[in-house]
Amino acid sequence: VIVYRCFILIVLMVLMNSISTMAQIRINEVCTSNNSIITDEDGDTRDWIEIYNTEETPVDLAGYYLTDSKTDTVKWQFQSLVVPAFGHVLVFASAKDRPSVNPPHTSFKLSQDGETVWLYDTNKILIDSISVPYLTTDLSYGAFPDGTGSRVYFSSPTPQATNNNSAPSDHIIAFRPVFNHNTGVYQHSIEVEITTADQGATLYYTLDGSEPKES
19 VIVYRCFILI VLMVLMNSIS TMAQIRINEV CTSNNSIITD EDGDTRDWIE IYNTEETPVD
79 LAGYYLTDSK TDTVKWQFQS LVVPAFGHVL VFASAKDRPS VNPPHTSFKL SQDGETVWLY
139 DTNKILIDSI SVPYLTTDLS YGAFPDGTGS RVYFSSPTPQ ATNNNSAPSD HIIAFRPVFN
199 HNTGVYQHSI EVEITTADQG ATLYYTLDGS EPKES
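Every letter in the sequence shown is one number past the one before it in my numbering, and letter 120, counting from 1, is 138.
Now the structure itself:
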């Protein structure tokens, strides 16, 4: 009976700790097409995920998991990364797989077309998730205010800083260019048409895979 009661007590303590962590750590902001917002240690502009601590107790994310796959909950694991009280930490979604650097790099990238990111604790219990819609370049999507607010678009992203001083807008509509042909190899010449639902947009393109510019 004593052993059974001890077991129940341990289970309750684990559950209480998990519930506390779920309320404390949040995915705060995500950018899936970073071109000029922030660079990593190699000088590359990689996509990123920001995590926020909603309480006054620091949290070490060692052993936690980030994933962009609903079926692979342990796709990428944190090494030691402390989120300060009411603080923010950054994770590059670069596929470089560098968990020991700061900011760390995941083993996966994010799709600009939109996808969901999940955060799990050391017991593989879901802490938070965010479904990111299609984002135009250098636009981010996250919580306003930090941690618990509504999910909105940010035209001026704030990696590793509060969203509370930003100018969010849930009215930003991200229109993607639409091609009249699917990606592929064609045996004969085709006529390619590019359109967008944004009537005020100007479309730029290149034929060699380089970054489109005004020229």
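Just so you know, even glycine gets a beta-carbon here, dropped at the ideal spot from N, CA and C. Just so we're clear, the structure is a prediction, and the values are computed from it rather than from any experiment.
Residue i, buried or exposed, once every other Cβ within 10 Å from all chains shown has been counted against 16
i, result
"residue 202", "exposed"
"residue 86", "buried"
"residue 145", "buried"
"residue 186", "buried"
"residue 65", "buried"
"residue 223", "exposed"
"residue 217", "exposed"
Among the options, nearest to residue i - alpha-carbon criterion
i, options, result
"residue 91", "62, 64, 137, 75", "137"
"residue 88", "134, 66, 70", "134"
"residue 176", "75, 233, 54", "54"
"residue 215", "69, 83, 196", "196"
"residue 149", "143, 142, 130", "130"
"residue 173", "42, 142, 51, 45", "51"
"residue 147", "204, 206, 83, 210", "83"
Other residues of its chain near residue i: CB distance less than 7 Å, five sequence neighbours each side excluded
i, result
"residue 111", "64, 65, 66, 67, 124, 126, 127, 128"
Own chain residues within Cβ distance below 6 Å of residue i, not counting five before or after
i, result
"residue 105", "71"
"residue 76", "100, 102, 103"
"residue 81", "140"
"residue 184", "172, 174, 176"
CB contact check: residue i to chain C, cutoff 8 Å
i, result
"residue 149", "Going by chain labels, chain C is absent from the structure shown, which holds only one protein chain."
Nonlocal neighbours in the same chain, by C-beta distance under 8 Å from residue i, ignoring five residues either side
i, result
"residue 166", "44, 72"
Handout entry: Contact between the region 49-63 and the region 111-129 (3+ Cβ pairs under 8 Å)
Key = Counting Cβ pairs under 8 Å, three or more are found: they touch.
Practice task
Indicate whether the contact test is met: 3 or more Cβ pairs, each with one atom in the region 94-107 and one in the region 146-156, closer than 8 Å.
Solution key: Counting Cβ pairs under 8 Å, fewer than three are found: no touch.
Handout entry: Whole beta strand (DSSP E) elements within the region 44-99, 3-residue minimum
Key = Along the length of the region 44-99, whole beta strand (DSSP E) runs at least 3 residues long occupy 65-71, 83-85, reported in chain order.
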